[in-house]
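Here is the structure we will look at, set down as structure tokens.
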Amino acid sequence: MARRMSMKPTTLIRVTVLCVSAVLAGCSAMSQKECQQADWSLMGEVDASQGRAFAAIDTYRKECAEHDIHPDSQAYQAGFERGLERFCSRSNGFYFGKRGGQYKGTCSNHHEQDFLAGYEPGFELFMIQDRITKLNMGVQSDEQEVRQLQEEIDEREARLIKEELTPGERAVLLKEIKARHGQIFHLKQDLRDRRLKLLQMQQDLRKKTQLVER
24 MARRMSMKPT TLIRVTVLCV SAVLAGCSAM SQKECQQADW SLMGEVDASQ
74 GRAFAAIDTY RKECAEHDIH PDSQAYQAGF ERGLERFCSR SNGFYFGKRG
124 GQYKGTCSNH HEQDFLAGYE PGFELFMIQD RITKLNMGVQ SDEQEVRQLQ
174 EEIDEREARL IKEELTPGER AVLLKEIKAR HGQIFHLKQD LRDRRLKLLQ
224 MQQDLRKKTQ LVER
């Protein structure tokens, strides 16, 4: 007699999270089997615990209507309420904001002030970190461009020394070298400004993090 395979609750939750995320991201529609077997209570709980609005059920209604199946809105709402208990707290608001989560009014009728008291400073830290990341990328890009320009200068200077050139050819190379030196000068000015701003923002991030996490 074959053993019946059962899915552990934690595994079921992970599968549900993946399915819900795929549907809401527009990657795939719910199949007839998924609509028939959906645990609407669990789906509501997952949606709320991930900060989605209750209106997420409208997506499921549309997907399942194609199979003439209607979500159990009461079960979904009951699960959604359970998810709100986990999501709408000050501590979760802070970590949700710090990860860059977009608040969609999920807690508007459920401890929203507590949630926002954590979310707003958390999201502020995220925005500072995001700007730091972009500044770092700008610094790296400028440094790479400076290296590339210097290589082009070195190559042209080597040609001036080694090759027999006409006066016109030498003039062209010298003009190109001068232009690249000018580009490097301006890039280094930009780099100095970026690095200074980066240092200031890193200090600001440390101070704000210390204040928030006290």
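Convert by adding 23 to the 1-based position in the sequence shown; the result is the number in this note's numbering.
Note that the Cβ used here is the ideal one computed from N, Cα and C, for glycine as well.
How would you call residue i, buried or exposed, if buried means at least 16 neighbouring beta carbons within 10 angstroms?
i	result
Ile-80	buried
Thr-129	buried
Met-263	Nothing in the structure corresponds to residue 263, since the chain is present only between 24 and 237.
Leu-222	exposed
Cys-50	Unreliable positioning characterises Cys-50 in this predicted model, as indicated by a pLDDT of 49, which lies under 50. The coordinate reading is nonetheless provided below. Exposed, because fewer than 16 other Cβ atoms sit within 10 Å of the Cβ of Cys-50.
Glu-143	exposed
Gly-191	exposed
For the candidate residues the options, whose alpha-carbon lies nearest to that of residue i?
i	options	result
Gln-136	Asn-115, Arg-122 and Gln-152	Asn-115
His-204	Asp-177, Gln-226, Lys-220 and Asp-216	Asp-177
Arg-113	Arg-84, Ala-61, Gln-233 and Phe-138	Phe-138
Ser-72	Leu-228, His-133 and Asp-91	His-133
Could you tell me how far apart the beta carbons of residue i and residue j are, in whole angstroms, since I believe they sit closer than 8 Å?
i	j	result
Phe-110	Gly-74	6 Å
Asp-70	Gly-106	7 Å
Just curious, the alpha helix (DSSP H) that residue i is in, first and last residue?
i	result
Asn-159	135-185
Tyr-262	This structure leaves residue 262 out entirely; the chain is present only between 24 and 237.
Thr-82	79-88
Thr-129	Note, Thr-129: premise wrong, no alpha helix (DSSP H); not H, not E.
Ser-54	Counting along the chain, Ser-54 falls outside any alpha helix (DSSP H), and DSSP gives it neither H nor E.
Gly-120	113-121
His-93	From DSSP, His-93 is part of no alpha helix (DSSP H); its letter is neither H nor E.
Ala-76	It is not in any alpha helix (DSSP H) - Ala-76 carries neither H nor E in the DSSP assignment.
Leu-196	190-235
Using a C-beta cutoff of 7 Å, does residue i count as contacting chain D?
i	result
Tyr-99	The structure shown contains no chain D; it holds only a single protein chain.
With a threshold of 8 Å, are at least 3 pairs of Cβ atoms found where one atom belongs to the region 177-189 and the other to the region 208-219? Fewer than three Cβ pairs drawn from the region 177-189 and the region 208-219 lie within less than 8 Å of each other, which leaves the two stretches out of contact.
Under 8 Å, with one C-beta from each stretch per pair, do the region 187-201 and the region 160-174 reach the 3-pair mark? In short, these stretches do not touch, since the Cβ pair count stays below three.
Okay, do the region 116-124 and the region 54-66 touch, 3+ Cβ pairs below 8 Å being the bar? Per the Cβ contact rule, the region 116-124 is not in contact with the region 54-66 (fewer than 3 Cβ pairs under 8 Å).
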